[in-house]
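What follows is a set of notes on a single structure, which appears directly below.
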């Protein structure tokens, strides 16, 4: 197949047919007018001959749609350059061996959901003994002392606990919302750490469904972990970065 | 050349930090505007981001953002992966010790004009290292782009002048935007300690501990220092040592709402509070104003040099304000601080 990477189209059945499926909700009551509104929306989005294949009444005057159409737009794939994270992922066993052999002391990790956030699913998946998706959590690592402080921990308290426990790394989980409130909670923790002269003393790591390593850099964190992160990804990063800092 | 550029030259700023009230208030527009004029004036300039700026899209809203344009001869600091992915031609000069998830932050010279994403460093120590590196490599002036609402780069330890960017996306109403911006300005312009005797006692105390009580004694002050693992912990202990003759409390690290609230419970007329600089203040407007109303004073050892405020009347997520009206209202509220709308190419005339 001869694909022109300078003008890539969405693919359905044949190359460059532009076929695409989209779904969205409109704040209008279900009906023929709603169906036509969805079709017009798709046309404006650049979909040729759109057809509404599914319409579901969500109640309270809202309707959900699934549509198919042929997208007119193309993307120049040949000029795209994306900065990539360079991190080696190690297994549970490899991380523990590395810490034991190379660092020679156990690593202390303090984790919490901060501010008003009570969504502990993420932090629990990474820290709790049983772990997630077949990967043990940090509590199970013999060479890591992990402390899960739970949810709605104020930033000042998290820092105080981290100092008391002599933490090597602080893990903060936040469900970032559009309203920026969670974002500002994350930046406050970093600013607080700077104000207290702690910023360089421990690794500051954030995680959550909308966090990427780019966002982590913007927030001032050493690293950020998003959806699909497993406990060993976090453990690998902490162990490798501490090694680098200790210049072993 | 624009007035904001002339302000920077008149004040002879070596490092200028651009900080924002929140996302999408035009930090990068201000940054690009000043960078362009520095280049046009043939001033050797270094460009750094305290976060990840000039990204193609907003990381949260996926809206297109202004990218950093780097002209030939400029020094840039950015993470290795961004260095390699830049459209601009870059000559590698030096690698810093600050490492981001996208690799170590490196300094390079632009050899071919183009776009470049600036990533990191995000810490005060990292910024100081990179600024020093750029100065040694010949930058006469360094511009530091801020990240989200962080103000660490405005710290006197990093920059000698700060520009505050604010705009419509800060709040639901213009009144709210004005209030929040005025409060941030008030915080940034926290007055210095003018009493020399007091100042001497503060520095003496800070060599002994990370929180200090200054008690009135004769014509001077008796210094009582508290040492804890971090200033925050010392700050919570300080309250138990307050006496009637306590004139001032010094917090070596952060000052938080609780500290002021504790004092207001103890005193009808609370003592003065001193912090190292305004980036150490983590207080809410209500508590701050209440403390001042009760006769308490809040002072800083080192002053942030706020030279101007820039405006973005547009909120990418919703409401837009009439630029002229927004400029007039913000200009009046922030008087005598110079206020600019760089897109409108206007300054509020006060």
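Chains as they are written, first to last, in my numbering: chain Z, 433 to 680; chain C, 112 to 461.
Glycine included, every Cβ here is placed at the ideal spot set by N, Cα and C.
Only a predicted model underlies this, so the values are computations on that prediction, with no experimental measurement involved.
Within the segment 511-536 of chain Z, contact with chain C at the beta-carbon level (separation under 8 Å) is assigned to 513, 514, 515, 516, 517, 518, 519.
Close to residue 193(C), with beta-carbon spacing below 7 Å, are these residues of chain Z in chain order: 515. Cβ contact annotation for residue 565(Z) (same chain, cutoff 7 Å, sequence separation greater than five): 662, in chain order. For the segment 609-633 of chain Z, the residues whose beta carbon sits under 8 Å from a beta carbon of chain C are, in order, 610, 612, 615, 616, 619, 620, 622, 623, 624, 626, 627, 628, 629, 630, 631, 632. In this structure, 386(C) is the residue among 386(C), 419(C), 132(C), 128(C) with its C-alpha nearest to the C-alpha of residue 321(C). With the rule of 3 Cβ pairs closer than 8 Å, the segment 186-206 of chain C does not count as touching the segment 124-143 of chain C. Taking a Cβ-Cβ cut-off of 7 Å, the neighbours of residue 211(C) in chain Z comprise 649, given in sequence order.
Put simply, the CB of residue 391(C) is near chain Z, with a gap under 8 Å to one of its CB atoms. Residue state for residue 379(C) is assigned as coil, using DSSP reduced to three classes. For the segment 255-275 of chain C, the beta-carbon criterion of a distance under 9 Å to any beta-carbon of chain Z is satisfied by 258, 259, 260, 261, 262, 263, 266. At least one C-beta of chain Z is nearer than 8 Å to the C-beta of residue 340(C). By the criterion of a C-beta distance shorter than 8 Å, residue 363(C) is surrounded in its chain by 317, 320, 321, 322, 323, 342, 345, 387, once the five residues flanking it on both sides are discounted. Residue 619(Z) sits buried, since 16 or more C-beta atoms from the chains shown fall within 10 Å of its C-beta. Residue 409(C) and residue 223(C) have their C-alpha atoms some 49 Å from each other. The beta carbon of residue 415(C) does not come within 8 Å of any beta carbon belonging to chain Z, so the residue lies off that interface. The beta carbon of residue 112(C) is closer than 7 Å to those of 148, 152 in its chain, skipping five residues each way along the sequence. Along the segment 209-236 of chain C, the positions whose C-beta sits under 8 Å from a C-beta of chain Z are 210, 211, 212, 213, 214, 228, 230, 231, 233, 234, 235, 236, read in chain order.
If you compare the alpha carbons of 351(C), 337(C), 284(C) with that of residue 429(C), the shortest gap goes to 284(C). Listed in chain order, the non-local C-beta contacts of residue 115(C) below 6 Å within the same chain comprise 419, 451, local neighbours out to five positions each way being set aside. Bounds of the alpha helix (DSSP H) holding residue 396(C) are 396-404. One Cα belongs to residue 201(C), the other to residue 185(C), and the distance between them is close to 10 Å. Residues are counted here when their Cβ sits less than 8 Å from a Cβ of chain C; for the segment 581-598 of chain Z these are 588, 591, 592, 595, 596, given in chain order. Taking the C-beta atoms as reference points, residue 623(Z) is found no nearer than 8 Å to residue 292(C). At a cut-off of 8 Å between beta-carbon atoms, residue 364(C) makes contact with chain Z.
In chain Z, no part has a C-beta under 7 Å from the C-beta of residue 188(C); the shortest such distance is about 12 Å.
Put simply, the CB of residue 601(Z) is far from chain C, with every gap to its CB atoms at 8 Å or more. For a Cβ distance threshold of 7 Å, residue set 212 of chain C lies close to residue 655(Z), ordered along the chain.
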